[in-house]
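Protein sequence lines correspond, in order, to chains A and B. Under full-length UniProt numbering, the residues of the first sequence are numbered 1 to 420, in order. Under full-length UniProt numbering, the residues of the second sequence are numbered 1 to 467, in order. See below for the structure under consideration.
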Amino acid sequence: MVEETPWQQALRYANRANPYPFYEELRKTPVARQPDGTYVVSTYREIVALLHDPRVSSDPRKCPVAAGTEDLGEPAAEPIREALTEPNIITCDPPEHDRDRRTMMPHFVGPPQAPHLISDLEPDIRRLVDGLLDDMKGKTRIDAVDDFAYPLPVTVICKVLGVPLEDEPRFHHWIETALDALDFGPEAASEEIRSRQAGARQAVQDFGQFAAELLDRYADQPGPGMLSALVNEDGPEGRMSKGVLASNALLLIFAGHETTVNLIAHSVLTLLRHPDALEKLRRRPELIVPGVEELLRFESSVQFWHTRSALEDIDIAGTTIPKGAPIFLAYGSANRDPERFTDPDELDLERRDNQHLGFSQGIHFCFGAPLARLEVQVAVGEFVRRVQNPRLVEDPPPYRHNQIFRGPRHVLVDIDGIRD
Amino acid sequence: MTWRATVEELVREFRASGRIVIVGASLAGLRAAETLREEGFTGSLTIIGDEPYEPYDRPPLSKQVLKGWVPADHTKLPRMREVDADWRLGVAAIGLDRAAKQVRLADGEQVPYDRLLIATGTRARQWPNPDEAALDGVHTIRSRDDAEQLQKELAEPPSRVLVIGAGFIGSEVASVCRELDIPVTVVERGSAPLVGALGGVIGEIAAQMQRDHGVDLRCGLGVSSLEGDAAGHVRRARLSDGSTVDADVVVASLGSIRNVEWLEGSGLAAGFWGVGCDAGGRAFDINGVVTDSIFVAGDVARAPHVLYEYQFLAMEHWDNAVLGAEAAAHNMVNLEPNYRPHLLLPGFWSGQFGVNIKSVGVPPFGDEIVFTQGSVEERHFAAAYGHRGRIVAAVTFDHGKWLEYYGKLIEQSGPFPPPPPGWDQPPDVKPMPAEFPDPRVPTAIPDVVLTGHAPSERTAEFRPRHR
């Protein structure tokens, strides 16, 4: 048996709750070639350099060998990519990327066309969060994932995009099924993961079908939300094709809540593990803004990204990433890089100069960041203010299977009550 | 008692009870004051400003304020922390007596200092003929009052605006006029807009952009005179080719003048290009000897820059004001070896005609340019400037997210032309002359000894030390 690299160890399910010691080991080789030919980049400086390097592609179609295919050894499963034939904004390069992102931007983040689009959602978000906390009244034990972290983002993204909320159970199931088969680690070859793959492929196809039908409906009968607008309105650079739009719709439905669920769940978990920080936030609610940034750094919502590859030989950190090599950027590791962040394993809600990679950087900087920030600020701020004496029941809690969107499946919390 | 103990004692004592005076109550002055307090300076702090206002932000003045989106008095700079200063606003400093360590104010008062920060910035160059400059409707734009007055007149609206000079400010004003649907004529002495800052190749693109937006752009021409009506309001301009332009608002955007006159006789290296200082903001005297008690920051400072052959660079950039002020303030309350350099890679941005223009490095230092990414036709592109085979600057039109990449290449003295991108490559990637105008005005920039960056050797690396 060949000894596993720190990266492979970081990806093992058993280490899901705490991959950080392996990241620390990994950072000793900032750009590390893996046995399957992938290059894993784990240090802040190098990741930022590559995020801004136009010789790095985000388009899997340009990568001659997809990350972790059979040819290179360990198979990694990625049904989400396989099922989508059209690119979305995170799986394509400029100029397509720029054009599609520019087309979508005014319908979402707004400025300069609609600068209040996100901030106007705040009352709704506040109402939703209040409702969720009100529902906890009388309970002594809650699940911070199912009862709190999940319902908020999914409701908000459905509203923003114009996806009927009644369809939520269907796509929730598809997403869960797809994510459970997503594995980049040594366990990808296991019987269990392999058996999940067929189901996952089907789930993504069904999900795609669902998006296409929704777009068709909006083409017939315009409705509220961003998707309808994109189907029906011409931007200055024309309209996106149906396929590209469907692919981006999937991306937005998925990314619009999946990452935020994990961030809220991790924020609650992290604060319960750091009672001093929680108490500080309770006393000084204004710290929620820098606090959420720190929570994003501390438990990055997206631990790494995997669709990048080198289009030329790239010399970096004493290594040459050869043309054609898949590149994994380990955000979760960069955010704990002591070369960039003082005492990176300390939670400091008042951390200065906190330019974490929780939303990445460069042209693929998280499209939904402004919405995610607002949701998490309201949710975590209200949780801290209203929940009385919260105590973690199980530490570490059970984690979801996939490594990219790493997050706890449940966070059980005992509480004394809910303040008004 | 050792020497070290003595030095530490000195620093401690100065921080506790020293007297610091900042001349200039703008961005640099304010950020310096905040940094001084941040660093534990508890002595007396005086901030002198000739305008009656608390420090305000200038970039919005030629954009949001002129459009009428933001009132001019809503541009006050946010306070990052309490500065607890004695604010002397509305009174100019008119003299510096280094022997007595005093700043002389216009109201006759003398303000003593132990350490002084010069942050007097620049002012707009006025229309040279004073009678014509005094006509109603003739403007410059630099201060809050300027912007407020001009905004009012644009709101009327005028039948035509004449902008003299197509640098960044002139171009931004022209852009605002078009957005407000006001006819505008731009007269530029050079071959194209932005030519001084970005060269003729980019200037041509900027010219096309202006014309596409309906600007009546006239290059290679000057304005010979301005004519007013009987009521003393400007009505017409006569151009150097004998033609005339009827306009009832004229904006003279003729660049800036450094506010150094008050330093005359002080013995400091102050002149046309600003106040010379080292990379730590310590002012030089006229002999090039560094002073211990006088510091400079912001637009008025000029310091040798390691990346540009140690030429003295003066930068009228927002982040230069902030970071220069922070470095100078730090050094004002520390001693060697705890001095901090201010080694900024210059950068600026401008918004005009719906395009976000950003630049990094010093474009006029380059003599060649190459388009590296995107499409010139669609005006989403990046271009790099080169000098002797190394990249020295880059400019982007609606492509700002790539600046970081070019910035890193510049810091590492990367090759020119830079490595080709893997995608989004423009059809023609051949370097061409960047077409900067010959500097006609003799400058005070001294030639300095080359101490690195030979074309054959690209090993030098620029690494500003962070806190």
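From the three backbone atoms N, C-alpha and C, an ideal C-beta is built for every residue, glycine too. The structure presented is a predicted model; accordingly, all values stated were derived computationally and were not measured.
Residue i, DSSP secondary structure in three states
i: B:Gly281; result: coil
i: B:Arg340; result: coil
i: A:Tyr13; result: helix
i: B:Pro59; result: helix
i: A:Ala76; result: Confidence is the limiting factor: at A:Ala76 the pLDDT is only 46, short of 50, which leaves the residue's position unreliable, though a coordinate-based value still follows. Reduced to three states, the DSSP call for A:Ala76 is coil.
i: A:Glu394; result: coil
i: B:Arg440; result: For B:Arg440, the pLDDT reaches just 49, beneath the cut-off of 50, and the residue's location in the model is therefore unreliable, leaving the point undetermined.
i: B:Trp318; result: helix
i: B:Trp262; result: helix
i: A:Ile404; result: coil
i: B:Pro112; result: strand
i: B:Glu188; result: strand
i: B:Gly228; result: strand
i: A:Pro151; result: helix
i: residue 472 of chain B; result: Nothing can be reported for residue 472 of chain B, as the shown portion of chain B is limited to 1 through 467.
i: B:His233; result: strand
i: A:Phe304; result: coil
i: residue 483 of chain B; result: Here chain B comprises residues numbered 1 to 467, so residue 483 of chain B is not present and cannot be evaluated.
i: A:Cys158; result: helix
i: A:Ala255; result: helix
i: B:Ser256; result: strand
i: B:Tyr310; result: coil
i: A:Ile90; result: coil
i: A:Leu412; result: strand
Burial state of residue i (16 or more Cβ within 10 Å)
i: B:Asn287; result: exposed
i: A:Asp315; result: exposed
i: B:His233; result: exposed
i: B:Gly199; result: buried
i: B:Ala99; result: exposed
i: A:Leu165; result: exposed
i: B:Gln373; result: buried
i: B:Gly347; result: buried
i: A:Glu3; result: exposed
i: A:Asn402; result: buried
Residues of its chain near residue i, where Cβ-Cβ distance is below 6 Å and the 5 sequence neighbours each way are ignored
i: B:Asp50; result: Ala92
i: A:His356; result: Leu296, Arg297, Asn335
i: A:Leu311; result: Arg55, Ser57
i: A:Ala212; result: Ala246
Spatial distance of residue i from residue j (CA atoms)
i: B:Ile182; j: B:Asp146; result: 19 Å
i: A:Val386; j: A:His266; result: Here the sequence assigns Arg to residue 386 of chain A, which means Val is not the residue at that position. Using only the alpha carbons, I get a separation of about 18 Å.
i: B:Lys152; j: A:Lys280; result: 48 Å
i: B:Gly271; j: B:Val260; result: 6 Å
i: A:Lys62; j: A:Pro123; result: 44 Å
i: B:Trp127; j: B:Ala133; result: 5 Å
i: A:Gly199; j: A:Val163; result: 24 Å
i: B:His139; j: B:Ile205; result: 27 Å
i: B:Leu345; j: B:Arg390; result: 15 Å
i: B:Thr396; j: B:Gln210; result: 17 Å
i: B:Gly438; j: B:Ser191; result: According to the sequence as given, residue 438 of chain B is Asp; it is not Gly. So the alpha carbons of these two residues sit roughly 12 Å apart.
i: B:Val7; j: B:Ser17; result: 15 Å
i: B:Thr46; j: B:Gly280; result: 21 Å
i: B:Phe295; j: B:Pro337; result: 17 Å
i: B:Glu264; j: B:Ala33; result: 25 Å
i: B:Glu38; j: B:Glu82; result: 9 Å
Nonlocal neighbours in the same chain, by C-beta distance under 7 Å from residue i, ignoring five residues either side
i: A:Glu299; result: His266, Thr270
i: A:Glu187; result: Arg12, Tyr13, Ile193
i: B:Leu66; result: Ala147, Leu150, Gln151, Leu154, Val173, Val176
i: A:Glu339; result: Thr43, Tyr44, Arg45
Other residues of its chain near residue i: CB distance less than 8 Å, five sequence neighbours each side excluded
i: B:Thr122; result: Arg142, Ser256, Ile257, Arg258, Asn259, Asp299, Val300, Glu316
i: A:Asp141; result: Sequence check: residue 141 of chain A is Arg here, not Asp. Taken in chain order, the residues that qualify are Val393, Leu412, Val413, Asp414, Ile415.
i: A:Gly225; result: Lys159, Val160, Leu161, Gly162, Val163
i: B:Pro431; result: Glu368, Ile369, Val370, Gly386, Phe416, Pro417
Residue i Cβ short of 7 Å to the ligand SAH heavy atom set
i: B:Ser243; result: Within the structure as shown, the ligand SAH is missing, as the structure has no ligands at all.
| said: Report the start-end ranges of each alpha helix (DSSP H) in the stretch 350-422 of chain B that is 4 residues or longer and not cut off at the edges. | reply: 403-411
| said: Quick check for students: name the residue ranges of the alpha helix (DSSP H) that lie wholly in the stretch 23-52 of chain A, counting only runs of 4 or more. | reply: 44-51
| query | Considering only residues of the stretch 320-391 of chain A, which uninterrupted alpha helix (DSSP H) runs meet the minimum length of 4 residues and lie entirely inside it, listed in chain order? | reply | 331-334, 369-386
| said: Extract the residue ranges of the alpha helix (DSSP H) inside the stretch 131-212 of chain B, only unbroken runs of 4 or more that lie entirely within it. | reply: 144-155, 168-179, 195-212
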